[in-house]
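Step one of this worksheet: look at the structure below.
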Amino acid sequence: MAQNHHDSAGDIRSHLQSLLDAKEQQLQQAAALGQQLLAQQMELEVRIMQLVQELDVDKPDKQAMDKYRELADSLVAWDAENAQFASSAFGETSSPTPSTQVAQHPSEEPTEASANMSAASQSRRAKNAARRADDVEFAFEIGSGLLNEVRRLQALLAERDKEKVDLEASIESLHTTLKQQEQSAGWVSGFF
1 MAQNHHDSAG DIRSHLQSLL DAKEQQLQQA AALGQQLLAQ QMELEVRIMQ
51 LVQELDVDKP DKQAMDKYRE LADSLVAWDA ENAQFASSAF GETSSPTPST
101 QVAQHPSEEP TEASANMSAA SQSRRAKNAA RRADDVEFAF EIGSGLLNEV
151 RRLQALLAER DKEKVDLEAS IESLHTTLKQ QEQSAGWVSG FF
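Residues in the sequence shown are numbered consecutively from 1, following full-length UniProt numbering.
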């Protein structure tokens with residue numbers, strides 16, 4: 001009879017240890033996701049500053065538009081990567097993210113329309129004013145989309161931090177339970 005009790009206590013200890021190991025693994029995965037999000041946010045801020053500086057200098061040229069598209073593509077790729085990581089790490093699927101709005105390139109119709117108009121029909125000043133208006137609208141769209149992305153990343157970081165605190169509390173609880181089981185098993189084996 002005492003052997004069965006030791007087997008069940010050993011089974012309980014083994015089970016508790018596996019729970020503890022699983023929680024520690026989840027904590028490590030949450031930390032890895034947080035580091036990944038932090039790196040993405042830092043890269044995003046640098047790329048935004050570079051793009052904004054180019055936009056401040058002149059009308060967006062082909063190079064600036066290419067950089068914008070690359071940034072939008074990166075955001076979409078990051079979203080997919082983060083969703084896959086979160087899904088595999090925590091068994092969750094993340095909701096669609098606002099960065100797909102950034103991936104939708106700003107309307108180029110006003111620029112194309114102004115390019116199709118004959119140079120004789122518009123003065124140079126009118127063309128420049130139209131371009132500045134397009135630039136402001138373009139910069140606003142970029143800024144809005146990127147601001148939404150930064151907010152989303154910050155929300156993910158806050159969620160990750162909350163999960164980390166919860167996981168640490170679970171780990172501490174499992175440690176306490178495991179110690180109690182070990183003490184209880186030691187007391188029972190000393191009794192027999």
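We treat Cβ as the ideally placed atom computed from N, Cα and C, and that holds for glycine.
Here the structure is a predicted model, which is why all the values come from computation and not from measurement.
Quiz item: By DSSP, does residue 11 sit in helix, in strand, or in coil?
Solution: Within the sequence shown, numbered from 1, the residue matching residue 11 stands at position 11. Residue 11 falls in the helix class under three-state DSSP.
Quiz item: Is DSSP giving residue 61 helix, strand or coil here?
Solution: Position 61 of the sequence shown holds residue 61. Assignment of residue 61 by DSSP, reduced to helix, strand and coil, places it in the coil class.
Exercise. Work out the CA separation of residue 171 and residue 23 for me, nearest whole Å.
Key: Taking the sequence shown and counting its residues from 1, the one referred to as residue 23 is at position 23. Taking the sequence shown and counting its residues from 1, the one referred to as residue 171 is at position 171. So the alpha carbons of these two residues sit roughly 6 Å apart.
Quiz item: Assuming residue 30 and residue 167 make a contact with CB atoms under 8 Å, what is their CB distance in whole Å?
Solution: Here residue 30 refers to the residue found at position 30 when the sequence shown is read from its first residue. Here residue 167 refers to the residue found at position 167 when the sequence shown is read from its first residue. Indeed they touch by this definition, with Cβ atoms about 6 Å apart.
Quiz item: Cβ atoms of residue 41 and residue 153: under 7 Å apart, would you say?
Solution: Numbered from its first residue, the sequence shown carries residue 153 at position 153. Numbered from its first residue, the sequence shown carries residue 41 at position 41. In this structure, residue 41 lies closer than 7 Å to residue 153 by Cβ.
Quiz item: Roughly how many angstroms separate the alpha carbons of residue 8 and residue 145, rounded to a whole number?
Solution: To locate residue 8, count along the sequence shown from 1; it is residue 8. To locate residue 145, count along the sequence shown from 1; it is residue 145. The straight-line gap from Cα to Cα measures roughly 57 Å.
Quiz item: Sorted by chain position, which residues of the same chain lie with C-beta nearer than 6 Å to residue 12's C-beta, five sequence neighbours on each side aside?
Solution: Mapped onto the sequence shown, residue 12 falls at position 12. Once the five neighbours on either side are set aside, the close Cβ partners of residue 12 are 181.
Quiz item: Are the CB atoms of residue 149 and residue 75 nearer to each other than 7 Å?
Solution: Counting from one through the sequence shown, the residue named residue 149 turns up at place 149. Counting from one through the sequence shown, the residue named residue 75 turns up at place 75. Yes. Within cutoff.
Quiz item: To the nearest angstrom, how far is it from the Cα of residue 164 to the Cα of residue 177?
Solution: For the purposes of this step, residue 164 is identified with residue 164 of the sequence shown, where counting begins at 1. For the purposes of this step, residue 177 is identified with residue 177 of the sequence shown, where counting begins at 1. Take the alpha-carbon of residue 164 and the one of residue 177: they are about 20 Å apart.
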